[in-house]
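Enquirer: The structure that follows is given in the form of structure tokens.
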Amino acid sequence: MAYDEALAARIRALLTGEQAVEKKGFGGLMFLIGGNMAVAALSMGDLMVRCAPDDQDRLAALGAQPMEMGSRPMRGWLRVPAELTASDDDLSAWVRAGVDFARTLPPK
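Using this note's numbering, the first residue of the sequence shown is number 208, and each one after it goes up by one.
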């Protein structure tokens with residue numbers, strides 16, 4: 208299934224000035240900072256956010272769900288439903304969480 212192009216455009220606009228690289232993967236369009244995925248536009252307006260594993264429970268309490276690969280939950284990866292990114296401020300907060308974590312990782 209293709210990624211949500213409107214969501215990708217909104218993310219792109221938020222990352223203006225960042226040295227973000229776009230790459231297809233995980234069934235969506237990933238945005239990488241320093242070679243590390245920060246966020247990805249998925250299908251139907253959902254967003255994937257990479258976060259510190261220690262922050263996952265706090266962020267999930269805001270309505271996100273852990274990403275799953277197969278049937279296995281992936282610690283440090285969240286799926287944010289479209290309704291939680293409907294406003295630009297809400298999307299910006301989720302994107303910032305992913306970008307901030309990606310910056311803590313060594314560049315690839």
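For glycine and all other residues, C-beta sits at the position ideal for the given N, C-alpha and C.
1. Can you name the start and end residues of the alpha helix (DSSP H) that G305 belongs to?
2. Identify whether E275 lies in helix, strand or coil by the three-state DSSP scheme.
3. Please report the straight-line C-alpha distance between A227 and G241, rounded to a whole angstrom.
4. Determine the direct distance from the alpha carbon of M281 to that of E275, and round the result to whole angstroms.
5. Who are the near neighbours of M244 in its chain, counting only those whose CB is closer than 6 Å to its CB and skipping five residues on each side?
6. Tell me whether L214 sits in a helix, a strand or coil according to DSSP, three-state version.
7. Since I believe V302 is in contact with L221 (beta carbons under 8 Å), could you give me their beta-carbon distance rounded to a whole number of angstroms?
8. For A300 and G224, what's the separation of their Cα atoms in angstroms?
Expert: Reading from the atomic positions:
1. First-last of the alpha helix (DSSP H) with G305: D295 to T311.
2. Here E275 sits in strand by DSSP.
3. Rounded to the nearest angstrom, the two C-alpha atoms are 8 Å apart.
4. Our two residues, E275 and M281, have alpha carbons roughly 6 Å apart in a direct line.
5. Contacts found: M237 and R257.
6. L214 carries a helical assignment under DSSP once its states are collapsed to helix, strand and coil.
7. 5 Å between Cβ atoms; contact.
8. The alpha-carbon atoms of A300 and G224 are separated by roughly 17 Å.
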